[in-house]
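See structure below.
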Amino acid sequence: MQKINSLILNWKNGTIKFVSVMVKEGISYALINNYKNNKWIEKIGNGAYKLYKDEVDIFSAVNALQEQINSRVHIGGKSALDLLGYSHFVPRNQNKLFLFGNSNDRLPTWMKNYNWEREYSYSAINLFNKGSDEYLTLFQHNLLSVKISSPELAVLEMLYHVPSEISFNEASLIINNLTTLRVEILQKLLEECNSVKVKRLFLYLADKHELPVFKKLKVENVNLGSGKRVIAENGSLDNKYLITVPKESYNEE
Numbered sequence: 035m036q037k038i039n040s041l042i043l044n045w046k047n048g049t050i051k052f053v054s055v056m057v058k059e060g061i062s063y064a065l066i067n068n069y070k071n072n073k074w075i076e077k078i079g080n081g082a083y084k085l086y087k088d089e090v091d092i093f094s095a096v097n098a099l100q101e102q103i104n105s106r107v108h109i110g111g112k113s114a115l116d117l118l119g120y121s122h123f124v125p126r127n128q129n130k131l132f133l134f135g136n137s138n139d140r141l142p143t144w145m146k147n148y149n150w151e152r153e154y155s156y157s158a159i160n161l162f163n164k165g166s167d168e169y170l171t172l173f174q175h176n177l178l179s180v181k182i183s184s185p186e187l188a189v190l191e192m193l194y195h196v197p198s199e200i201s202f203n204e205a206s207l208i209i210n211n212l213t214t215l216r217v218e219i220l221q222k223l224l225e226e227c228n229s230v231k232v233k234r235l236f237l238y239l240a241d242k243h244e245l246p247v248f249k250k251l252k253v254e255n256v257n258l259g260s261g262k263r264v265i266a267e268n269g270s271l272d273n274k275y276l277i278t279v280p281k282e283s284y285n286e287e
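Its first residue numbered 35, the sequence shown is counted upward by one per residue in this note's numbering.
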């Protein structure tokens, strides 16, 4: 009885617990099954539980990954910019939550199979040479803290999704609002970024919108690769950054 009291008293509403974590805390599989049968806790999939009849969301899952198994999965891209208040118009993917992690960061099966109210997209990619952990910030969601991308990291992650998930025009509108980007962080990220497309597209849009940070960047230290990159089919080639962008954007310059 003491174990169940301790478990329930220390279990925050809106959170998810891994079975592996409970076992490490001294709760056996038999006890976990007993707690489930007695409706103290409720299974949400193989290896994970919530409090009985408690409400959890996709933020609960991200919190569990980060706090219990030290996962590098985080909320990033356009979603992080939304949460930080940088986009003030109706987006195409307003309900979709964009998650990012390294190529070896797998989502647990229970998370992929659970019927979340909010759709999410997960990108497991090595977008940066040294990872992105140091460029994350804490965000408070209800009673939970989750790590999300800083504005500088988020904008580059967002551009990774152009044009597959985020339209060029949407990204352009958002970047136009990013007038407080920190040059020291952005410079490091651009130098560490592995995507030529992302780097060229950011510089193109930052240049076009005359962002304050653009004039402070040492573009000569950023590897922009060779050859052309197509952002928009049947678009216009920008000769400075060698990317093909929508004709209407090119004609505005």
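Each residue gets a CB set at the ideal place from its N, CA and C atoms; glycine is no exception.
Exposed unless 16 or more other CB atoms sit within 10 angstroms - verdict on residue i
i    : result
T214 : exposed
Y86  : exposed
Q143 : Contrary to the premise, residue 143 reads as Thr rather than Gln in this sequence. It is exposed - the Cβ of T143 has fewer than 16 other Cβ atoms within 10 Å.
K233 : buried
R216 : exposed
K242 : buried
D272 : buried
V256 : buried
S94  : buried
S283 : buried
K146 : exposed
V57  : exposed
E204 : buried
Y275 : buried
P280 : buried
S229 : buried
R263 : buried
I200 : buried
S206 : buried
S260 : exposed
S198 : exposed
L43  : exposed
Under 8 Å between C-beta atoms of residue i and residue j
i    : j    : result
N129 : E153 : yes
L299 : V180 : An answer regarding residue 299 cannot be provided, because it is not within the stretch 35 to 287 covered by the chain.
F173 : I265 : no
V90  : I109 : no
F134 : E191 : yes
G165 : N136 : yes
A114 : I50  : no
L223 : E186 : yes
I78  : K70  : no
W92  : W45  : Before going further, note that residue 92 is Ile rather than Trp in the sequence given. Not a contact, by the Cβ cut-off of 8 Å.
Y148 : I208 : no
G81  : S54  : yes
Y194 : L161 : yes
Y156 : L141 : yes
L170 : V189 : no
Q102 : F52  : yes
I219 : L117 : no
For residue i: DSSP bridge partner residues
i    : result
F52  : A82
V247 : Partner(s): none; V247 has no beta bridge.
V232 : Answer is none; V232 lacks a bridge partner.
V256 : Beta-bridge pairing links V256 to no other residue.
Residue i in three-state terms, based on DSSP
i    : result
L271 : strand
I277 : strand
V57  : helix
Chain D within 8 Å of residue i, Cβ atoms only
i    : result
L190 : Absence of chain D from the displayed structure is noted, only one protein chain being present.
Restricting to runs no shorter than 3 residues, where is the beta strand (DSSP E) found entirely within the segment 153 to 229?
Qualifying beta strand (DSSP E) stretches, in chain order: 154 to 158, 170 to 175 and 178 to 183.
What beta strand (DSSP E) runs, 3 residues minimum, are completely inside the segment 73 to 154?
The beta strand (DSSP E) runs lying completely inside the segment 73 to 154 and spanning 3 residues or more are 75 to 79, 82 to 85 and 131 to 135, given in chain order.
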